[in-house]
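Take 166 as the starting number for the sequence shown in this note's numbering and just add one per residue.
Backbone N, C-alpha and C define an ideal beta-carbon position, used for all residues, glycine too.
Just so you know, these numbers come straight off a predicted model, no measurement behind them.
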Amino acid sequence: MIDLRSDTVTKPTKDMLESILSAQLGDDEYREDPTVNELEEYCAKLLGFESGLFVTSGTMGNQIALLNHTNPGEEVVTTSDSHIKNYEHGAASFLSRIQFRDVKNTDGSISNEDLTQIIEASKIHKPKVSTVVIENTHLASGGSIVPYENIKSISDIAKENDMNLHIDGARVWHAILVEDKGYDYGSYTDSLTFCFSKALGAPVGSILLGSHEFIEDSREYRKKLGGGMRQAGVIASAARYAIENREHILKDHENTKFIYQKLKEREEELNLIETISYKDTNMIFLSFEDMTVSSNFIKKLEDQNIRSGFIRKNIVRLVIHKDVNQEDLDKIVDAIVHSSSS
Ligand SMILES: Cc1ncc(COP(=O)(O)O)c(C=O)c1O
């Protein structure tokens, strides 16, 4: 089975497993696990932050950031389709007791005008806006890269208005490796989370980055949420291996582009597919007339040993990752063509 439902389905490689076997371990609650400590330092340095905290998941990283940056009753600006707002089980209202102020968008960016208008409006009847969250890359639009210039200008406005900027960078390496600039996130954002378990290929774990003070407070929130760990070097060593070997992500992009281009070349055979979308990273979205057609398509693909999933009722998502091999690519294209000819 070729599993294209997500880039979270990857399995650890033999080398990654060997790195786990040789990891130096200690009790991370006492801050004595050298592998965890080194991972946190390495990631902080890599992206220009003072400090880092190893957390169990992207959701935990995002939610600790909100607990840190906000007070109950305040607002957080994010795009209407962001993960932090829609797909974290309502955790932000449950834990931080904030509400979101949406910016309608299609690609993850937030315009200067939209943010300025929201700040102005909040001065009369609306709550204080304390934080902005940008998701890079942006999942709901198909893995779009939010341009460095956009994040930078939102950061300037946030600073001028005494607001915090958090980056939900679950898949930020897709953006960093393609854009090849903006490595230094720590100099213009207050915090950032990225996941070792999405595309980078580790089995578990994410990191939260920020200032020394922010990370000290985050450590307490992590403990309150039950996220304190002991010999966490077992998983941190896999995470370290994953981040040091991140370049394969560019190969995943190449493979995704190959599939996209082949599908475009054969577009007249794709009777059931209305649009094919690809945003320069590791996802392809196929849209259909309605859910009956998209469900049938998913079943037909599965009959040919390819698993895919919905991102919306009529949109099927294919995510290319490191466990998709070169020889799988033509099989995937042929199976899509076969499943979408009526
Ligand atoms: C953009 C984005 N942010 C955050 C998360 C949450 O990560 P986790 O599943 O590790 O909690 C995800 C998960 O898919 C995601 O896609």
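So what's residue i in DSSP terms, helix, strand or just coil?
i: Phe134; result: Outside the modelled stretch of the chain, which goes from 166 to 507, sits residue 134, for which no answer is possible.
i: Met225; result: helix
i: Ile289; result: coil
i: Ile463; result: helix
i: Met448; result: strand
i: Asp349; result: coil
i: Phe359; result: strand
i: Leu212; result: coil
i: Gln396; result: coil
i: Ser306; result: coil
i: Ile372; result: strand
i: Asp327; result: coil
i: Glu240; result: strand
i: Arg405; result: helix
i: Glu194; result: helix
i: Val298; result: strand
i: Tyr443; result: strand
i: Arg482; result: strand
i: Leu508; result: Residue numbering for the chain in the displayed model covers 166 to 507; residue 508 lies beyond these limits and cannot be assessed.
i: Ile319; result: helix
i: Val502; result: helix
i: Phe423; result: helix
i: Arg384; result: helix
i: Phe219; result: strand
i: Ala332; result: The identity of residue 332 in the sequence shown is Ile, whereas the question assumes Ala. DSSP places Ile332 in strand when its eight states are reduced to three.
i: Gly469; result: In the sequence as displayed, the identity of residue 469 is Gln instead of Gly. Here Gln469 sits in coil by DSSP.
i: Gln189; result: coil
i: Phe453; result: coil
i: Gln264; result: strand
So the candidates are the options; which of them puts its Cα closest to the Cα of residue i?
i: Ser222; options: Leu451, Lys422 and Phe359; result: Phe359
i: His234; options: Ala209, Ser383, Met394 and Thr446; result: Ser383
i: Tyr443; options: Ile284, Thr302 and Thr354; result: Thr302
i: Ile284; options: Met328, Ser216 and Gly191; result: Met328
i: Glu325; options: Ile424, Thr354, Glu412 and Val458; result: Thr354
i: Phe537; options: Lys346, Leu231 and Ile449; result: Limits of the chain in this structure are 166 at one end and 507 at the other, which puts residue 537 out of reach.
i: Arg395; options: Leu186, Val220 and Gly213; result: Val220
i: Ser306; options: Lys291, Ser247, Ser320 and Pro292; result: Ser247
i: Ser356; options: Asp279, Ile332 and Leu304; result: Ile332
i: Ile408; options: Glu432, Glu206 and Leu390; result: Glu206
i: Ser318; options: Tyr350, Ala367, His339 and Gly334; result: Tyr350
i: His503; options: Gln469, Val484 and Gly474; result: Gln469
i: Ala335; options: Glu381, Ser362, Tyr252 and Leu390; result: Ser362
i: Glu239; options: Glu492, Arg262 and His486; result: Arg262
i: Ile322; options: Asp180, Tyr348, Glu344 and Ser295; result: Ser295
i: Leu374; options: Gly213, Gly366, Asp193 and Asp180; result: Gly213
i: Lys210; options: Ser276, Pro177 and Ser352; result: Ser352
i: Arg431; options: Gly370, Asp192, Ala500 and Pro292; result: Ala500
i: His339; options: Ser320, Pro368, Gly308 and Asn277; result: Gly308
i: Leu304; options: Leu483, Pro292, Gln491 and Lys487; result: Leu483
i: Asp180; options: Gly366, Gln491, Val481 and Val458; result: Gly366
i: Leu330; options: Tyr348, Glu300, Cys208 and Val337; result: Glu300
i: Glu194; options: Met448, Asp267 and Lys389; result: Lys389
i: Tyr348; options: Lys291, Gln491, Asp198 and Cys208; result: Cys208
i: Met448; options: Gly474, Glu467 and Pro292; result: Gly474
Quick test of your reading: residue i and residue j, contact by CB under 8 Å. State the CB separation rounded to the nearest angstrom.
i: Ala403; j: Ser184; result: 7 Å
i: Asn410; j: Leu494; result: No, Asn410 and Leu494 are not in contact; Cβ-Cβ is about 21 Å, not under 8 Å.
i: Leu186; j: Arg405; result: Actually they do not touch by this definition, with Cβ atoms about 13 Å apart.
i: Thr446; j: Ile310; result: 7 Å
i: Phe450; j: Ile476; result: 6 Å
i: Val297; j: Leu280; result: 7 Å
i: Pro237; j: Pro368; result: Contact doesn't hold; Cβ gap of about 35 Å is too wide.
i: Ser245; j: Asn270; result: 7 Å
Spatial neighbours of residue i within its chain, please: CB distance less than 6 Å, with the 5 preceding and 5 following residues excluded, ordered by chain position.
i: Leu342; result: Ile414 and Leu415
i: Phe265; result: Val241, Thr243 and Lys250
i: Ser376; result: Glu215
i: Phe423; result: Leu494
i: Ala188; result: Thr200, Gly398 and Ser402
i: Ala256; result: Gln228
i: Ser274; result: Val311 and Asn315
i: Lys465; result: Ser504
i: Val337; result: Asn301 and Phe359
Which same chain residues, not among the five before or five after residue i, have their C-beta less than 7 Å away from its C-beta?
i: Asp168; result: Val174 and Arg472
i: Ser505; result: Leu435, Asn436, Leu437, Ile438 and Phe462
i: Lys346; result: Tyr313
i: Glu378; result: none
i: Met456; result: Lys478 and Asn479
i: Lys427; result: Val498
i: Asp272; result: His303, Ser306 and Ser309
i: Glu344; result: Ile310 and Tyr313
Cutting at 8 Å between CB atoms, please list the residues of its own chain near residue i, excluding the five before and the five after it.
i: Arg387; result: Leu218, Val220, Met225, Ile229 and Gly393
i: Val489; result: Ile167, Leu169, Asp417, Asn420 and Ile497
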